[in-house]
Amino acid sequence: MWQTRGLLLVAVVAAAALPDGAWAAAAGRCTTSTPVKTYDKCIALPTQGATLAWTYDARNATLDAAFTGSFISPSGWVAWGVNADAPAMTGARVLAAFSDPSTGALLALPFLLSPDVKLQASPLVSRPLDIPLLASSASLVSPARTVRDGARVTVAATIRLSPNRTRVHFVWNRGLYVQGYSPTIHPTDASDLASHATVDILTTATEASPIASTALQWLHGSLNALSWGLLLPVGAAVARYLRPCASTGPAWFYAHAAMQATGYTLGAAGFALGLVMGSASPGVTYKLHRGLGIAAATAGSLQTLAMFFRPKTTNRYRKYWKSYHHLVGYGCVVVGVVNVFQGFEVMGLGASYWKLGYCLALATLMGACVALEVNAWVVFCRRQQEEKLVRREVEDVVVKDRAAAF
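When you line the sequence shown up against mature numbering (1 follows the signal peptide of the UniProt record, and there is no 0), it's residues -24 to -1, 1 to 382, in that order.
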């Protein structure tokens, strides 16, 4: 607990309306002058365009601090606080700023982020903080007069820290909605999940989790959507629907092998980029996306290795190899496609034209597969009927020959 540790908490933000260009220019800069007072030091925090300004009095270990950030919706919230143990959300004591649903006035309420909050097991309920919080306030930054998308706000607090303990773990974030007086879950983009830093309030030295570049994220997503999401499904369809066609000869096999080899190569490159981004952002983890990616890469690697151990058509184990090849192959395709959709959510593109375009391409492929599947069954049933008629004719001829012999 914090009675003996006495670590600070101050919280939340959301900013004055700036045009996109002005906002971009403001990002990465900080100011010691705030609507509350002028402070001695300040830093630009690594995500969300947030800043922190403070004055530290070493004689009585008192910290005056002001955090400034921006709302992302009129009904949203902005929160900032301190974690005594680590730069992480779980265990942090924070202040959340949002509009009072009854009066519309700006509130700054205290919250304890327990493990249940991260699991969304129960609504987030405001409670008094167990830290020596001497004063706190929240105010919109001019020219903003109401909470809206892009409005900036400063939340200031005066806290007494433990003597000689000047490294503080800060966390901050923002969300789209508040239900009653309970902030809902924040977005899960890489920058949102990396919104934490450790700051030495004497030297302003900052330790923050690095974030993979946007270009690297887009390259990773593009390679994986093209490979696991399109090329491998097309390659599987080629094998299933062209192989029965005698007119294609061995061409179906070469087309299938080329498609799968290209897809696996691009997919392996995309998977490697994912590992690089993961190692570069230790504080950012997408467990489901990561797990599905590992499963797809493992299945794809097993398929590739299986080609070196393919029995000849006359080998008695050939049928078992084919069953394995089909099962792992279809499993790889399904997992890969599911993970592409998961990737859209991770990148915040759940309602984007990029996802729409991919859905149209996938729907076209699935429609073609359905049509080819129906055609294959029609051809199969027709052949079965023709073979049955031929067998009957042969049986009739045999019966007639036997009757004539008697």
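Where a beta carbon is used, it is the ideal one built from N, C-alpha and C, also for glycine. Treat the numbers as computed from the prediction; the structure is a model and nothing was measured.
The alpha helix (DSSP H) enclosing residue i, as first and last residue numbers
| i | result |
| --- | --- |
| Y230 | A227 to A256 |
| W297 | R294 to V322 |
| I177 | No alpha helix (DSSP H) holds I177; DSSP gives it neither H nor E. |
| T280 | K263 to A282 |
| A64 | Note, A64: premise wrong, no alpha helix (DSSP H); not H, not E. |
| L169 | A166 to L169 |
| K94 | P91 to K94 |
Status (buried if at least 16 other CB within 10 Å, exposed otherwise) for residue i
| i | result |
| --- | --- |
| I177 | buried |
| M283 | exposed |
| G(-4) | Any reading at G(-4) must be qualified, since the residue scores a pLDDT of 32, below 50, and its modelled position is unreliable; the value itself is stated next. Classification for G(-4): exposed. |
| F356 | exposed |
| A84 | buried |
| M323 | buried |
| S203 | buried |
| F285 | exposed |
| M342 | exposed |
| P209 | buried |
| G333 | exposed |
| Q193 | buried |
| Y240 | buried |
| T10 | buried |
| N291 | exposed |
| A380 | exposed |
| C221 | exposed |
| R150 | buried |
| C308 | buried |
| G80 | exposed |
| residue 443 | One cannot answer for residue 443 here, as it falls past the ends of the chain, which runs -24 to 382. |
Beta-carbon separation (whole angstroms), residue i vs residue j, contact threshold 8 Å
| i | j | result |
| --- | --- | --- |
| S171 | V144 | In fact, because the Cβ distance is near 15 Å, the residues do not count as touching under 8 Å. |
| V54 | A68 | Going by Cβ atoms, the distance from V54 to A68 rounds to 14 Å, so no, they are not a contact pair. |
| F43 | V117 | Actually they do not touch by this definition, with Cβ atoms about 12 Å apart. |
| residue 396 | A215 | The requested residue 396 is not part of the displayed model; the chain covers only -24 to 382. |
| T31 | D40 | 5 Å |
| I161 | Q96 | 6 Å |
| G52 | F74 | 7 Å |
| Y15 | T8 | 5 Å |
| Q318 | L268 | 6 Å |
| G205 | V373 | The pair is not a contact, with the Cβ atoms about 55 Å apart (cut-off 8 Å). |
| T182 | K17 | The Cβ separation is near 11 Å, so there is no contact. |
| I135 | L169 | Rounded, the Cβ-Cβ distance is 26 Å, inconsistent with contact. |
| F47 | V123 | 6 Å |
| L100 | P159 | 6 Å |
heavy atom of the ligand PLP below 6 Å from residue i C-beta
| i | result |
| --- | --- |
| Q193 | The ligand PLP is not part of this structure, which contains no ligands at all. |
Chain-order list of residues whose beta-carbon lies under 6 Å from that of residue i (same chain, five-residue window excluded)
| i | result |
| --- | --- |
| C345 | A213 |
| S49 | D125 and L152 |
| G326 | F320 |
| residue 391 | Residue 391 falls outside the range modelled here, since the chain spans only -24 to 382, and no answer is possible. |
| R368 | none |
| Y262 | V322 |
| K94 | T66 |
Residues that DSSP places opposite residue i in a beta bridge
| i | result |
| --- | --- |
| K376 | None, per the DSSP bridge assignment. |
| L109 | I135 |
| G205 | According to DSSP, G205 bridges with nothing at all. |
| C18 | A29 |
| N149 | A55 |
| L116 | V129 |
| P159 | V154 |
| L71 | W56 and P86 |
| V144 | V175 |
| S9 | T14 |
Neighbourhood of residue i by C-beta distance below 7 Å, restricted to the same chain and skipping five residues each side
| i | result |
| --- | --- |
| Y217 | L348 and A352 |
| P139 | A37 |
| H265 | N315, Q318, G319 and V322 |
| E363 | none |
| G211 | H232, M235, Q236 and G239 |
| residue 407 | Within the shown structure, residues of the chain are numbered from -24 to 382, placing residue 407 beyond reach of any answer. |
Run of the beta strand (DSSP E) containing residue i, from where it starts to where it stops
| i | result |
| --- | --- |
| D33 | T27 to D33 |
| P86 | L82 to L88 |
| A41 | T38 to S46 |
Own chain partners of residue i with C-beta closer than 8 Å, once the 5 adjacent residues on each side are dropped
| i | result |
| --- | --- |
| D92 | S98 |
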